Each structure stands twice: as structure tokens, then as C-alpha cells.
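In the working numbering, the protein residues as written are 175 to 504.
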């Protein structure tokens with residue numbers, strides 16, 4: 175004797191709705207109890223960079239909002255992949271977060287043979303904190319008065335203009351490669367192991383230009399050691415209001431360094447939404463907004479879904495650039 179266990183379409187829909195309700199209820203209860211211990215934010219680079227600044231500026235207010243300490247930990251290595259892997263492998267309970275940036279989120283998956291994670295499968299976007307243009311910096315005594323003069327020199331003597339980067343397949347490297355390709359010029363790439371030595375050689379005149387983060391180059395601009403020739407945003411930025419955009423010479427040219435919070439992919443949606451709400455409110459506080467702008471960053475609050483769409487668009491852009499430049503780090 176056999177018994178049929180087939181379900182009607184209506185039964186199936188009801189079962190699905192009940193299952194979803196149970197899951198939502200579980201996620202909601204998890205959010206009600208969250209957090210049960212200090213929250214750790216992993217910055218996958220050494221202290222002092224843009225992401226580190228973002229994380230440390232927000233940590234006190236986020237901790238107050240959550241009712242728990244927020245601890246910022248630097249886990250540098252493998253162009254951001256080491257710290258990112260740590261977050262991917264963490265319990266998806268909202269207690270370990272990533273301050274993810276352009277490189278490890280949008281570039282590593284294409285530039286590295288085996289980064290050890292898949293951004294879209296292993297991470298959940300929570301909230302974007304800030305979006306800062308790269309600064310095209312030149313030595314203080316550079317003969318280039320503007321971007322047009324720089325590009326003309328590169329056309330006149332192909333390969334004679336050398337640009338520094340903080341490493342192969344970094345945003346600065348790919349931005350410079352895009353500048354050369356877009357202007358149909360040939361420039362020489364000099365990769366360094368980090369921004370510090372690249373800036374030192376820029377000051378000394380060993381290289382002619384460097385696409386730097388605003389946070390790393392601003393002290394040298396203010397100290398008169400280098401000049402900001404242009405910025406890579408479509409509009410001038412508040413921190414450098416008199417500096418033109420590259421897009422004024424090369425229409426459509428736009429690159430940015432951005433940073434935001436990510437969690438392991440299986441983190442309950444209710445916790446993701448809770449964190450996003452707190453972070454988006456914090457970055458819009460007048461005093462923090464002003465501080466981020468002074469670092470060259472535009473504050474750009476986004477919902478988790480909108481931030482996820484932004485990440486996918488950035489990944490598409492960098493995938494094409496890595497392919498065209500063959501900028502692999504393995």
C-alpha cells in the first residue's frame with residue numbers, strides 16, 4: 175500500500191510562506207539579542223589608510239548605538255585578501271565585520287589567481303561610508319601645469335613619463351593605466367610596495383606622477399612637497415576646491431577609493447539592516463560629515479541592496495581594466 179505525499183500548488187505556497195515566516199522570525203529574534211559581545215571591525219590594511227580612518231571615526235558612535243564596544247583590528251597582507259578571508263570565515267552573527275575597500279572588494283577577484291573568497295558569494299554589503307577621488311599628484315617643481323601638458327609630454331616622448339603606484343593592480347595603478355589608454359599615450363609604470371615609498375620618490379622627482387588617496391597625499395600637498403594636478407572625480411571635491419578634474423581634459427574619466435561595511439554572507443538580514451541604519455545615521459552627523467569631507471571623501475549613505483548594486487558595477491569596471499592591462503599580482 176502506498177501513500178501519496180504530493181502537495182498542491184496552494185499547499186506548496188502555504189508551506190513556503192510558513193517557512194519564510196519562521197526564518198524571518200528567527201532572524202528577527204537574532205537581531206533583538208544582537209550584539210551579545212563586542213563587535214570587531216577588520217581593516218585589511220595597516221593603520222593610517224582611508225579604511226582605517228573610516229573605521230576608527232565611526233567606531234565610538236557605532237558602539238554607543240549598539241550598546242557594545244566596537245573594536246577596530248588591522249589585519250594587513252596579500253593586498254587586503256588576508257583580512258577579508260578572516261571575515262568570510264567568521265561566524266555570520268554580526269560580531270565580525272569588514273571595512274572593505276575598492277581593492278579587496280572589486281579588484282582582487284580578477285587580479286589574484288586565488289584570493290580565497292568570492293565577493294558576491296561570501297560577503298554581504300551593509301553600508302557605504304565614503305567615496306573619495308584619487309588625487310593625481312606631481313612633484314612640487316614639476317613642469318606640468320595641468321593634465322593636458324602631462325599628456326602632451328607623454329605623446330611627445332612615449333614612455334618618458336613614469337608613474338608610481340602603491341602596487342600592481344591597485345586602484346592607482348589601474349587609474350593611471352586608464353588615463354594612458356584613454357589619452358592614447360604610453361607611460362611607464364613603477365610599482366612600489368605601498369604608498370609611503372611611492373610618495374617619497376614622487377617628492378624626490380624619481381617619478382613624474384602618482385594617483386594617491388586623499389588621506390595619504392593631503393599632508394604633503396599642505397606641506398608644499400607635492401602639487402595636486404587634478405582629481406579623478408567628475409566634480410571638484412570640497413577638500414581641494416580649486417583643483418580641476420581629469421574629466422575636464424578626458425571626458426568621463428572617473429575613479430574613486432571607497433570604503434564600507436561588509437559581513438559574512440549568511441549574516442541574518444535583520445542584523446544587516448540594523449547595522450546599515452546605525453551606520454547611515456552616523457555618517458550623516460554634521461561633525462562626522464565635515465571630518466570625512468576634510469579627508470577628501472564624499473559621504474554617500476546607501477541601503478544594503480543599493481550598496482550591493484554599487485559593488486557589482488565597480489567589479490564590472492575593474493574586471494575590464496584588469497583584463498586590458500593584464501594587471502595580475504600572482
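Positions of the beta carbon are idealized from the N, C-alpha and C atoms, including for glycine.
In this text, all values refer to a predicted model and were calculated from it rather than measured experimentally.
Problem set entry | Proximity to residue 298 [Cα-Cα], best of 307, 229, 263 | Comparing Cα positions, the closest option is 263.
Problem set entry | Three-state secondary structure (DSSP) of residue 446 | Here DSSP, grouped into helix, strand and coil, assigns residue 446 to helix.
Problem set entry | residue 339 burial status per 10 Å Cβ neighbour count (16 or more: buried) | Note on residue 339: 16 or more other CB atoms within 10 angstroms of its CB, so buried under the neighbour-count rule.
Exercise. Taking three-plus beta-carbon pairs below 8 Å as touching, is the region 421–433 in contact with the region 292–309?
Worked result: Yes: the two stretches touch, three or more of their Cβ pairs being nearer than 8 Å.
Exercise. Does the separation of the CB atoms of residue 466 and residue 303 fall below 9 Å?
Worked result: A contact, by the Cβ cut-off of 9 Å.
For this session: Could you tell me which residues DSSP puts in a beta bridge with residue 438?
Result: In the DSSP assignment, the residues bridged to residue 438 are 297.
For this session: Can you have a look at residue 387 and say buried or exposed, based on whether 16 or more other CB atoms are within 10 angstroms of its CB?
Result: It counts as buried.
For this session: Please report the Cβ distance between residue 268 and residue 209, rounded to the nearest whole angstrom; I am assuming they are in contact, meaning their Cβ atoms lie under 8 Å.
Result: The Cβ separation is near 6 Å, so the contact holds.
Problem set entry | Within the region 301–342, ranges of the beta strand (DSSP E) (whole runs, at least 3 residues) | For the region 301–342, whole beta strand (DSSP E) runs of length 3 or above, ordered along the chain, are 336–339.
Exercise. Looking at the structure shown, is residue 221 part of a helix, part of a strand, or coil, going by DSSP?
Worked result: Note: residue 221 maps to coil in three-state DSSP.
Exercise. Do the region 397–415 and the region 326–336 touch if we need at least three Cβ pairs shorter than 8 Å?
Worked result: No, the region 397–415 is not in contact with the region 326–336.
Problem set entry | Cβ neighbours of residue 365 in the same chain (closer than 7 Å, five flanking residues each side left out) | Excluding sequence neighbours, residue 365 sits near 339, 341, 342, 347.
Exercise. Among the residues of its own chain, which have a CB less than 6 Å from the CB of residue 235, if the five just before and after it don't count?
Worked result: If we look at residue 235 and ignore the five residues flanking it on each side, its Cβ neighbours are 456.
Exercise. On the three-pair Cβ rule with 8 Å, is the region 466–479 touching the region 322–332?
Worked result: Verdict: no, contact absent.
Exercise. What are the boundary residues of the alpha helix (DSSP H) that residue 407 is part of?
Worked result: It is not in any alpha helix (DSSP H) - residue 407 carries neither H nor E in the DSSP assignment.
For this session: Decide if the region 435–446 is in contact with the region 273–285; the criterion is three or more beta carbon pairs, one per stretch, under 8 Å apart.
Result: Touching, yes, given that three or more Cβ pairs across the two stretches are closer than 8 Å.
For this session: Tell me where the beta strand (DSSP E) around residue 386 begins and ends.
Result: Annotation for residue 386: the continuous beta strand (DSSP E) segment containing it runs 383–387.
Exercise. When burial is assigned at 16 or more other CB atoms within 10 Å of the CB, is residue 454 buried or exposed?
Worked result: Under this definition residue 454 is a buried residue.
Problem set entry | Alpha-carbon to alpha-carbon, residue 278 and residue 377 | Each residue's Cα considered, the two are about 28 Å apart.
Exercise. Relative to the alpha-carbon of residue 217, which residue among 233, 246, 419 has its alpha-carbon at the smallest distance?
Worked result: In this structure, 246 is the residue among 233, 246, 419 with its C-alpha nearest to the C-alpha of residue 217.
Exercise. Under 9 Å between the Cβ atoms of residue 382 and residue 312?
Worked result: Between residue 382 and residue 312, the C-beta gap is smaller than 9 Å, which places the two residues in contact.
Problem set entry | Local conformation of residue 503 per DSSP, three classes | It is coil, neither helix nor strand.
For this session: May I have the straight-line CA-CA distance separating residue 237 from residue 248, to the nearest angstrom?
Result: The straight-line gap from Cα to Cα measures roughly 18 Å.
Problem set entry | Cut-off 8 Å between Cβ atoms - residues of its own chain near residue 360, not counting five sequence neighbours on either side | Excluding the 5 residues flanking it on each side, residue 360 has same chain C-beta neighbours closer than 8 Å at 328, 332, 333, 354, in chain order.
Exercise. Hey, out of 458, 227, 330, 281, whose CA is closest to residue 486's CA?
Worked result: Ranked by Cα distance from residue 486, the first of 458, 227, 330, 281 is 281.
Problem set entry | Short Cβ contact (9 Å threshold) for residue 566 with residue 215 | The displayed coordinates of the chain run from 175 to 504. Any statement about residue 566 would go beyond what the structure contains.
For this session: Could you tell me which residues DSSP pairs with residue 273 in its beta bridges?
Result: 435.
For this session: Name, in chain order, the residues that DSSP records as bridge partners for residue 415.
Result: Residue 415 pairs with nothing; no bridge assigned.
Problem set entry | Beta bridge counterpart(s) of residue 472 as assigned by DSSP | Residue 472 has 305 as its beta-bridge partners, per DSSP.
Problem set entry | Contacting residues, own chain, Cβ-Cβ under 8 Å from residue 458 (five flanking each side not counted) | Cβ contact annotation for residue 458 (same chain, cutoff 8 Å, sequence separation greater than five): 473, 475, in chain order.
For this session: Could you check the C-alpha separation between residue 219 and residue 424 for me, to the nearest Å?
Result: Distance between the alpha carbons of residue 219 and residue 424: 32 Å.
Exercise. What is the DSSP secondary structure of residue 488, counted as helix, strand or coil?
Worked result: If DSSP states are grouped into helix, strand and coil, residue 488 belongs with the helices.
Exercise. With 16 other CB atoms within 10 Å as the buried threshold, where does residue 357 fall?
Worked result: Classification of residue 357: buried, given that the 10 Å Cβ count is 16 or more.
Exercise. Got a sec? Which residues, its chain only, sit under 6 Å from residue 421 by beta carbon, not counting five neighbours each side?
Worked result: So the list reads 408, 427, once near-sequence residues are dropped.
Exercise. Counting along the chain, where does the alpha helix (DSSP H) carrying residue 365 start and finish?
Worked result: First-last for residue 365: 362–365, but that is the beta strand (DSSP E), not the alpha helix (DSSP H).
For this session: Go ahead and label residue 389 buried or exposed: buried means 16 or more other beta carbons lie within 10 angstroms of its beta carbon, across all protein chains shown.
Result: So residue 389 counts as buried.
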